[in-house]
């Protein structure tokens with residue numbers, strides 16, 4: 001087979017996989033929209049809902065109603081303190097604060113703020129959930145499946161004439177954590193490094209087998225918590241763009257592995273043997289594809305990523 005026909009075959013394969021991924025995304029969005037409306041109108045037992053001063057508020061039983069009612073002033077105060085601001089971009093900001101509790105000093109919480117910068121998206125969000133609500137929805141489903149992640153407490157959607165302006169997600173802090181990248185880079189033992197990579201592949205295959213695809217998986221948004229007895233627990237974070245489905249396709253699995261490998265390629269700490277071990281161990285844990293077929297799929301994802309990157313450069317006039 002000629003090189004040209006191989007490239008054409010790969011492009012057709014990539015196009016078909018993209019159509020399938022888009023379909024999964026639409027199904028996931030429709031399902032979450034149904035749950036969103038049911039929480040507003042049917043008063044979901046697990047998630048409470050109230051509407052106050054133009055804000056839609058969804059909160060769990062761990063949040064007192066009085067706190068939920070005063071959420072506007074709490075959020076304004078939290079983001080006015082620049083010393084606690086952890087991240088700030090045009091469309092997203094993250095800060096930390098203390099959740100007030102009776103009879104105690106309170107507990108550490110993290111607050112994400114999503115800003116709607118596109119007017120059309122604000123209109124679309126008239127009846128559809130915000131990014132913050134969608135993240136809470138996916139997080140709760142993962143927790144019910146036994147997947148460790150940050151526990152959501154409250155979502156607030158600030159609206160003007162029902163059009164979404166900002167949405168907020170409050171989650172509990174996870175004590176004694178580091179990113180997986182910083183944790184593994186502190187290890188000097190090759191044996192210990194392989195044990196950690198084995199834990200990572202087991203965790204990723206578990207996510208996939210539970211039907212969860214992370215749109216931006218990285219060694220920086222997987223956290224490691226060291227508990228008593230030096231037992232390690234991994235947590236998945238930043239899941240607002242995740243997709244839940246009955247089955248994660250081989251393309252989506254390969255894309256997540258490609259995202260992990262891309263960062264590993266940038267760090268001198270990781271060797272070629274480490275990368276091969278990652279794929280072989282994932283293949284064994286997931287029982288999905290043999291390593292050679294998995295590598296082939298990852299190369300297709302890499303090809304698609306390059307095409308997409310070059311297309312964006314052309315649009316910006318850089319090529």
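Residue numbers (the UniProt record's numbering): 1 to 319. Quick reminder that beta carbons are idealized off the backbone N, C-alpha and C, glycines included.
Under the three-state reduction of DSSP output, residue 284 falls in the helix class. In terms of Cα proximity to residue 173, the closest of 56, 223, 246, 68 is 223. Residue 132 carries a helical assignment under DSSP once its states are collapsed to helix, strand and coil. Residue 149 counts as buried, since no fewer than 16 other beta carbons sit within 10 angstroms of its beta carbon. In this structure, DSSP gives residue 301 a helical state, which the three-state scheme calls helix.
According to the DSSP assignment, residue 195 belongs to the alpha helix (DSSP H) that extends over 190 to 209. Taking 7 Å as the cut-off, the beta carbon of residue 78 is found no closer than this to the beta carbon of residue 117. When DSSP states are grouped into helix, strand and coil, residue 316 belongs to the coil group.
In the same chain as residue 244, and ignoring 5 residues on each side of it, the C-beta atoms closer than 7 Å to its own belong to 28, 138, 141, 211, 212, in chain order. Rounded to whole angstroms, the gap between the alpha carbons of residue 301 and residue 238 is 22 Å.
In the three-state DSSP reduction, residue 223 falls in the strand class (E or B). Residues of the same chain with a CB within less than 6 Å of the CB of residue 180, apart from the 5 flanking positions on each side, are 219, 222, 224 in chain order. Note: residue 156 is bridge-paired with 57, 168 in the DSSP secondary-structure output. Secondary-structure assignment with DSSP links residue 233 through a beta bridge to 225. Contact annotation: residue 132 and residue 55 have beta-carbon atoms that are not nearer than 7 Å. Inclusion of residue 256 and residue 214 in the CB contact set at 7 Å is warranted, their separation being smaller than that value. Within the model, the alpha-carbon separation for residue 285 versus residue 200 is close to 11 Å. Annotated three-state conformation of residue 306 is helix, per DSSP. Here residue 269 carries a coil assignment [DSSP, helix/strand/coil]. Beta bridge pairing from DSSP links residue 93 with 88, 113. Between the alpha carbons of residue 153 and residue 303 lies a distance of about 40 Å. Residue 126 carries a coil assignment under DSSP once its states are collapsed to helix, strand and coil.
If you draw a 10 Å sphere on the C-beta of residue 190, you find fewer than 16 other C-beta atoms in it, and that means exposed.
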